[in-house]
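Presented below is the structure to which this report refers.
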Amino acid sequence: MSGIGEFLKDNVYPDLDAVDAGLLDHLSPGSQSNGAYQLVCPTCGEKRAFYYIGSAYIQCNRRNVCKVPTSLWDALSKTGLSNRDIIKRLCSAAGVTPPDYRPPQRSGSAPSSSSSSATPVQPTSPQLTPGKAIIRVTQELAAANPDLLSRIQSARGYSDSDMATMRFGVYTTAGEVLSRLEALGISKEVARSKGYVGYDDSHPDHLWDVMDDRVVGYWPHEDGDVRLWGRIPSGAGGPTTKKYRFSKSLVKDIPYLFNKRHGSFPINVEGVLDAWSLQLLGYWGTAIGQASINPAQALYMASKGVTEAAHMVDGDTAGYDGALASIRACEPVGITLSIIVLGAGMDDADAMRRSGRAEQLGELIDARMNAGAYLAHYCASLLAMSPPDTRGLARARSIARHLTPVSARCWEDYARSLGIYVDEEAESVRVLGSLVNAGLPLAECLAVVRRRTGYTITIQKEEPAIG
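Take the sequence shown: its position 124, counted from the start at 1, is 795 in this note's numbering, and no numbers get skipped.
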């Protein structure tokens, strides 16, 4: 079954939620929490095992009894399903066309379609989705052009094990990629719509240089088909050669590597290689592709059960602004966010991994600052300016109104200790009184208070009861 195993590993398990698909109902799974389900362990029978979405295994925390995880295949096999039925159910749940398979034939014997030792062969007709096809093509090109992978491995200090984990592909030329895609049944128009190739309608035979001579990775997409990101194997690029390129149709609503869970909460960084560095060091690193977590990414994480996350930012103005934007996106949807601040001029996660400073990186992660505490310190720094940045203060305080309960408590505690806490309800009443005393009409006073503080004050007269 080694051929089937490789097929499932590459094409099925990464996109599979076995509990949502009903494959593990016999193990009484609970509700999803942080991308995992608690269920009955197929080995020991205790409800102390966990299945993580995208994983091929069920892990039990009773390690003194269950020495190794149970594979999904074995868990389904114990229900009495045949090998063929297991393959069909797994592929159906992942939305993948099962491969044709043919049982091995003994000399002089007729083929038997019911043999359980079937081995996969190429499908009789091209039925790959565009996303699966581009992965296959770029993986084949990686095998045929190992020099590009060797260059990035040498430049970034990756081990052979690291390279096997990351499974980068290679994009040689648009022409070669398109010819291979068409051989798999993917049309030129579909390839362009996914950003795998590019051309102008007025000159359809002239293919653009999309990812030529780049190492590529696969960014998940809501439509089920990956989009490509590409990097030159080494160097920083130049005016005519960009270091990174991304598929034109890429929408980054799903953080890159989100399905490769490590630990209890995702650590969001801007760059894809920084995210991989965190992954290789045992953290749940994800890439967001910009300086801040956007609302769509926050909503996606929340929909997958994430209640805690972190964002690693640079210690400069862009980093501060990105942290505030991430807090504004995550906290209102129920994600308690922490900020990991890299000092000004400090190396990023990938550089720290390459230089052997994984321990220092771990200390930074352990010392992450809750969003409420971060906002309080940020406000204190704005007040220390000469003159104080009143617009920045108003912006930070407006974000603080939408914090999760944990972050709101941290905000109040740190704000009080730093001497910057303001009772906003009392402040809105004070402003109203001052405006009225200054002679502004009441209706205008109420409008000004609403604009300045966000509070709507209503005045209602109660008539005394008669009799």
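We treat Cβ as the ideally placed atom computed from N, Cα and C, and that holds for glycine.
Task: CB-CB length for A958 against P926, believed under 8 Å - done: Here residue 958 refers to the residue found at position 287 when the sequence shown is read from its first residue. Here residue 926 refers to the residue found at position 255 when the sequence shown is read from its first residue. That belief holds up - the Cβ atoms of A958 and P926 are roughly 6 Å apart, short of 8 Å.
Open item on the list: Only counting the same chain, and skipping five residues up and downstream in sequence, which positions put a Cβ closer than 6 Å to that of D945?
Closed with: Numbered from its first residue, the sequence shown carries residue 945 at position 274. Answer for D945: D1019, A1020 and D1021, listed in chain order.
- [ ] Would you check if the distance between the CB atom of C731 and the CB atom of A746 is smaller than 8 Å?
- [x] Here residue 731 corresponds to residue number 60 of the sequence shown, with the count starting at 1. Here residue 746 corresponds to residue number 75 of the sequence shown, with the count starting at 1. Their beta carbons are not under 8 Å apart, which means C731 does not touch A746 by this criterion.
TODO: Hey, could you find the ends of the beta strand (DSSP E) T1061 is sitting in?
DONE: Residue numbering aside, residue 1061 sits at position 390 when the sequence shown is read from its first letter. Not the beta strand (DSSP E): T1061 falls in the alpha helix (DSSP H), residues T1061 to A1071.
- [ ] Given a cut-off of 8 Å, decide if V887 and L852 are closer than it, judged by their beta-carbon atoms.
- [x] Residue mapping note: residue 852 aligns to position 181 of the sequence shown, counting from 1. Residue mapping note: residue 887 aligns to position 216 of the sequence shown, counting from 1. No, they are not a contact pair.
Open item on the list: Taking the beta carbon of L1074 as the centre, do at least 16 other beta carbons fall within 10 Å, making it buried, or is it exposed?
Closed with: The residue labelled residue 1074 in the question sits at position 403 within the sequence shown. Buried is the call here.
- [ ] Check whether the region 903-917 touches the region 697-706, counting contact only when three or more Cβ pairs, one atom from each stretch, lie closer than 8 Å.
- [x] no
Task: Segments assigned alpha helix (DSSP H), at least 4 residues, entirely inside the region 962-1010 - done: 966-974 and 988-1001
- [ ] Would you kindly work out how many angstroms separate the C-alpha atoms of L698 and D833, rounded to a whole number?
- [x] The sequence position of residue 698 within the sequence shown is 27, counting from 1. The sequence position of residue 833 within the sequence shown is 162, counting from 1. Those two C-alpha atoms are separated by around 34 Å.
Open item on the list: Contact between the region 1081-1098 and the region 1043-1051 is defined here as three or more beta-carbon pairs at a separation below 8 Å; is this criterion met?
Closed with: yes
- [ ] Rounded to whole angstroms, what's the CA-CA distance from Y728 to L694? Just pull it up for me.
- [x] Here residue 728 refers to the residue found at position 57 when the sequence shown is read from its first residue. Here residue 694 refers to the residue found at position 23 when the sequence shown is read from its first residue. Answer to the nearest angstrom: the Cα atoms are 13 Å apart.
- [ ] Less than 8 Å between the CB atoms is what I'm expecting for W947 and M1017, so what's the real figure, rounded?
- [x] In the sequence shown, residue 947 corresponds to position 276, counting from 1. In the sequence shown, residue 1017 corresponds to position 346, counting from 1. Contact doesn't hold; Cβ gap of about 19 Å is too wide.
- [ ] Work out the CA separation of S1099 and G1108 for me, nearest whole Å.
- [x] On the sequence shown, position 437 is the one that residue 1108 refers to. On the sequence shown, position 428 is the one that residue 1099 refers to. What sits at residue 1108 in the sequence shown is Asn, not Gly. Computed Cα separation, rounded: 14 Å.
Task: Burial state of M803 (16 or more Cβ within 10 Å) - done: Against the sequence shown, residue 803 aligns to sequence position 132. For the sequence presented, residue 803 should be read as Lys rather than Met. With 16 or more other Cβ atoms within 10 Å, it is buried.
- [ ] Pick out whichever of F917, C1116 and V861 has its Cα sitting closest to the Cα of I903.
- [x] Position 232 of the sequence shown holds residue 903. Nearest of F917, C1116 and V861 to I903, Cα basis: F917.
- [ ] Starting from N754, trace the alpha helix (DSSP H) both ways and give me its first and last residue.
- [x] On the sequence shown, position 83 is the one that residue 754 refers to. From DSSP, the alpha helix (DSSP H) with N754 extends over N754 to A765.
- [ ] Check P875 in the structure and name its three-state DSSP category.
- [x] Here residue 875 corresponds to residue number 204 of the sequence shown, with the count starting at 1. Here P875 sits in strand by DSSP.
TODO: Would you mind listing the beta strand (DSSP E) stretches within the region 896-968 that are 3+ residues and don't spill past its ends, in chain order?
DONE: 898-902, 915-917, 938-940 and 956-958
Task: Buried/exposed call for I1137, threshold 16 Cβ in 10 Å - done: Position 466 of the sequence shown holds residue 1137. The residue is exposed, with fewer than 16 neighbouring Cβ atoms inside 10 Å.
- [ ] Could you spell out the range, first to last residue, of the alpha helix (DSSP H) harbouring V1120?
- [x] Here residue 1120 corresponds to residue number 449 of the sequence shown, with the count starting at 1. Its alpha helix (DSSP H) spans residues L1113 to T1124.
Open item on the list: Checking the sheet assignment: what are the DSSP bridge partners for C731?
Closed with: Taking the first residue of the sequence shown as 1, we reach residue 731 at position 60. According to DSSP, C731 bridges with A720.
Task: V861, enclosing beta strand (DSSP E) - first and last residue - done: Here residue 861 refers to the residue found at position 190 when the sequence shown is read from its first residue. No beta strand (DSSP E) contains V861, which is instead part of the alpha helix (DSSP H) from K859 to S864.
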